[in-house]
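Each residue of the sequence shown is one higher than the one before, counting from 1 in the numbering used here.
The beta carbon of each residue, even a glycine, is placed where N, CA and C say it ideally should be.
Quantities reported herein were computed from a predicted structural model and do not represent experimental measurements.
The block underneath contains the structure these notes are about, expressed in structure tokens.
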Amino acid sequence: MRKSVLKLFALLAIFSFVAISCGDDDNSSSSSESSSSESSSSESSSSESSSSESSSSEAAEEETTEEEATEEEAGPDPADGCAYATEGDVPGIDKENGIFKIGTSQPFTGRAAVAGEALLGGLIMAVDELNANGGIDGCMFELAWEDDRFEIEQMVTNVRKLIDVDNVWGFVGTAGSQAIPSTYPAIEAAGTPLWGPVSPANQDIKEVYLINPTRTEQGRICIDYFVEQGATKIAVVGQDNELGDEAFAAIELQQSVHGYEIVAEEEIEVLSDVVSPAVLAVIDSGADAVLTALDGTQNGLVLDGFHEAGFNPMVCSDAGSAGAGGRSTVGLATPEAADGYLGALQVALPDGDSEFVNAWRDLWAAYDGPGKDGAANFSLQTYSIAQSFFQLIDRLDGNYTYDNFHAVAETLVDDPILIPSIPPVACAPLPGGHQCAAGAGVSQYDSSTESWTQVRDFQSAKS
């Protein structure tokens with residue numbers, strides 16, 4: 001009996017151990033499942049956090065891209081200052097210092113000094129006025145100039161220096177029609193624009209923009225006036241160079257229009273004071289009217305020669321030769337010989353009564369720089385040329401590359417630049433389009449009042 005009881009207790013002990021062991025396994029399994037669940041939850045949370053961060057990063061990147069695209073769409077900003085839309089390096093443009101440098105060559109001394117002084121003065125005055133008013137789109141303008149003494153070789157040297165040493169962006173109002181074509185190789189090689197030269201023949205050069213009528217055009221208009229006054233026999237006297245060639249071309253062109261008789265065609269050497277042979281030939285021809293293409297000194301001598309011989313035809317010269325509006329030519333002849341002399345007009349007379357001319361005249365009266373003692377009419381000419389140039393530069397909207405300059409300049413035919421003292425500036429593509437203005441007026445000198453009067457309005461030559 002005792003043994004049975006002991007066996008029973010032993011069995012009960014064994015069952016209790018097994019039960020406890022089974023209970024421990026259940027707890028372990030539950031703990032493992034709980035741990036696995038927590039791990040899975042953590043991984044899910046981490047994945048969601050990573051996904052959220054990725055979405056935020058992509059959104060930020062998209063926002064940045066949109067901002068950059070908006071900036072690109074906005075384009076160049078004028079607040080960036082001088083040449084804000086100009087890419088790369090362009091001659092004469094100093095973005096850092098806000099400088100736009102232009103150049104010119106003028107006969108400041110020598111045979112044509114009375115014109116050259118004022119031609120330079122008009123440019124300097126225009127630049128000073130512009131800078132005093134704040135420049136253009138953050139750029140202040142600087143003018144580099146050289147004296148060519150009315151000599152061809154010196155002008156060529158000057159142009160090369162201004163391009164290679166002074167590094168000008170372009171040229172404005174350079175004067176000397178017989179010398180200017182000699183500078184074209186240097187200008188074309190560098191691609192340097194030449195705006196408003198005074199006043200060479202049109203040779204369809206990409207870089208050259210003529211905003212005054214050529215001497216050929218002016219000669220044709222002088223002849224139109226002769227015919228309107230009843231002339232039937234016309235003579236021409238010109239230098240043996242491009243200047244003379246333009247006058248000879250004018251008389252041939254208008255003959256087919258009007259049918260007059262060409263009674264004499266005479267040449268005088270450049271810079272020569274020997275004019276008597278030409279004067280005598282014209283007198284012998286019995287001409288009613290004479291077109292001249294000479295320098296001021298030669299014109300004065302021719303007028304005196306005619307007067308001394310008692311020969312009084314109408315005589316007309318282009319604006320540069322006549323100095324219409326001033327005394328650069330008439331002051332070299334006797335008053336009686338100069339009386340009634342005719343000059344073509346490229347620009348309004350300096351004593352005109354328009355708002356523009358009045359404003360220029362006030363500036364010129366106050367001007368005290370180089371050329372202040374020159375003939376006022378030439379100052380008005382280059383001042384007007386400079387104003388047209390500045391208006392064009394303003395239209396470039398900060399992009400001063402040469403490609404953009406040509407592109408905008410050649411659209412002026414659709415939206416001309418209007419300067420009250422000169423004909424509309426309406427450039428167009430080549431060929432022919434860089435003769436940007438057409439038409440000229442005619443004025444007459446009265447020695448008793450020492451004044452000029454416009455006797456024919458600005459208009460194109462008849463054809």
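When the Cα atoms are used, C436 and L392 turn out to be separated by approximately 13 angstroms. G374 and A333 have their C-alpha atoms roughly 18 angstroms apart.
Its Cα nearest to that of A386, the residue P197 stands out among I221, D245, P197, Q444. The shortest CA-to-CA distance from V159 to any of T183, L342, V172, G320 is the one to T183.
Within the same chain, Cβ atoms closer than 7 angstroms to the Cβ of F390 are found at L130, I136, the five residues on either side in sequence being excluded. By the Cβ-count criterion, N377 is buried, with 16 or more other Cβ atoms from all chains shown falling within 10 Å of its own Cβ. Membership of I163 in the alpha helix (DSSP H) is indicated by the continuous run 152-164. Listed as beta-bridge partners of K206 by DSSP are no residues whatsoever. Nearest Cα to W360 within the set D128, Q229, I99: D128. Scanning its chain for C-beta atoms nearer than 7 angstroms, with the 5 sequence neighbours on each side dropped, one finds around A126 the residues Y383, A386, Q387, in chain order. Here the segment 169-178 lies against the segment 74-94, with 3 or more beta-carbon pairs under 8 angstroms apart. For R456, the secondary structure class from DSSP, reduced to helix, strand or coil, is strand.
Residue S317 holds the alpha-carbon nearest to the alpha-carbon of Q298 among S317, I187, A287, D284. Annotation: Q154 to D148 spans about 5 angstroms, alpha carbon to alpha carbon. The residues P76, P78, A83, Y84, A85, T86, D137, in chain order, have a CB closer than 7 angstroms to that of G398 in the same chain once the five nearest residues on each side in sequence are set aside. Under the three-pair Cβ rule at 8 angstroms, the segment 454-461 counts as touching the segment 218-235. If you look at L253, you'll find it in the alpha helix (DSSP H) that goes 242-258.
Under DSSP, W195 forms a beta bridge with V172, Y209.
Straight through space, the alpha carbons of P429 and N202 are spaced by roughly 14 angstroms. Straight across, the Cα-Cα distance linking G98 with D362 is about 29 angstroms.
The alpha helix (DSSP H) runs of length 4 or more contained entirely in the segment 381-463 are, from start to end of the chain, 402-409. The straight-line gap separating the alpha-carbon atoms of S177 and L271 is approximately 14 angstroms. By the neighbour-count criterion, in which a residue is buried when 16 or more other Cβ atoms sit within 10 angstroms of its Cβ, G259 is exposed. The DSSP-derived three-state label of F378 is helix.
With a 10 Å radius around the Cβ and a threshold of 16 neighbouring Cβ atoms, P185 comes out exposed. Separation of the CB atoms of S443 and L294 is rounded to 18 angstroms, and the pair is thereby denied contact status at 8 angstroms. The DSSP-derived three-state label of A344 is strand. Inclusion of A250 and T216 in the CB contact set at 9 angstroms is warranted, their separation being smaller than that value. Pairing V236 with D284, the inter-Cα distance amounts to about 13 angstroms. At a Cβ-Cβ threshold of 9 angstroms, G244 and L162 do not count as neighbours. Taking every protein chain shown into account, the CB of A309 has fewer than 16 other CB atoms within 10 angstroms, so this residue is exposed. V274: not part of any beta strand (DSSP E); DSSP gives it neither H nor E. When secondary structure is reduced to three states using DSSP, D362 falls in the helix class. Looking at the backbone, the Cα of Q106 and that of G320 are separated by about 13 angstroms. For the options P423, D415, D403, the alpha carbon positioned closest to that of G88 is the one of D403. Among the bridge pairs identified by DSSP, S317 is matched with T292, G343.
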